[in-house]
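Residue numbers (my numbering): 51 to 194. Ideal Cβ positions, reconstructed from N, Cα and C, are used throughout, including at glycine.
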Amino acid sequence: ATPKSVCEGCQRVISDRFLLRLNDSLWHEQCVQCVSCKEPLQTTCFYRDKKLYCKLDYEKLFAVKCAGCLEAIAPSELVMRAQKSVYHLRCFCCCVCERCLQKGDEFVLKEGQLLCKGDYEKERELLSLVSPALSDSGKGPSTP
């Protein structure tokens, strides 16, 4: 006797004339739907941990998010990284002058904000003029 085909989606035996095979799993045609929004998946699907997702829900749940715009980053997209943050190339910009930073440019990541070297140095200079005690230049007020 042939082993019965069991649907990954509903765990019931597939006795339909047609069945779908997705990644080594078998499915009833009607069970191929997004686990999050329940929309039928007719042309494409995303598969993770034996569950099916539509593109939108998969990206919402699992995609790497850009630290600049908080949108999903496509796996094929080129990115820039700063510490643990990942950015679209178009979002890797100084938060002061909005200049896009290129590979090799010096920058500072301060409280989650990107600053080009020039704007960071201007900011430090202003802070030292406003409050010399906060300056890290070592020229703070001295006590007699």
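If residue i sits next to residue j, beta carbons under 8 Å apart, how far is it from one beta carbon to the other, in whole angstroms?
i, j, result
"leucine 159", "glutamine 133", "6 Å"
"valine 82", "tyrosine 103", "Wrong, their Cβ atoms sit about 11 Å apart, outside the cutoff."
"lysine 105", "threonine 94", "7 Å"
"valine 63", "serine 55", "7 Å"
"glutamine 163", "cysteine 145", "4 Å"
What's the C-alpha gap between residue i and residue j?
i, j, result
"leucine 151", "arginine 98", "35 Å"
"tyrosine 108", "glycine 59", "17 Å"
"cysteine 141", "aspartate 155", "15 Å"
"leucine 179", "alanine 113", "44 Å"
"glycine 118", "leucine 176", "25 Å"
"lysine 88", "glutamate 148", "41 Å"
"cysteine 57", "leucine 72", "11 Å"
"arginine 67", "leucine 111", "34 Å"
"glutamate 171", "lysine 100", "51 Å"
"valine 136", "serine 65", "47 Å"
"lysine 167", "leucine 139", "18 Å"
"phenylalanine 96", "methionine 130", "25 Å"
"glutamine 80", "leucine 120", "34 Å"
"phenylalanine 157", "arginine 174", "13 Å"
Around the Cβ of residue i, are there at least 16 other Cβ atoms within 10 angstroms (buried) or fewer (exposed)?
i, result
"alanine 124", "exposed"
"serine 192", "The predicted model places serine 192 with a pLDDT of 48, which falls under 50 and marks its position as unreliable; any figure quoted below should be read in that light. Serine 192 is exposed by the Cβ-count criterion."
"lysine 189", "Residue placement at lysine 189 cannot be trusted, given a pLDDT of 49 that sits under 50; what the coordinates show is reported in the next sentence. When all chains shown are included, lysine 189 counts as exposed."
"cysteine 116", "buried"
"leucine 128", "exposed"
"leucine 91", "buried"
According to DSSP, residue i sits in a beta bridge with which residue or residues?
i, result
"arginine 71", "Leu76"
"proline 90", "Gln83"
"leucine 102", "Tyr97"
Runs of 3 residues minimum, wholly inside the stretch 109-194: which ones carry the beta strand (DSSP E) assignment?
Restricting attention to beta strand (DSSP E) runs no shorter than 3 residues, the stretch 109-194 encloses them at 129-132, 135-138, 157-160, 163-166, ordered along the chain.
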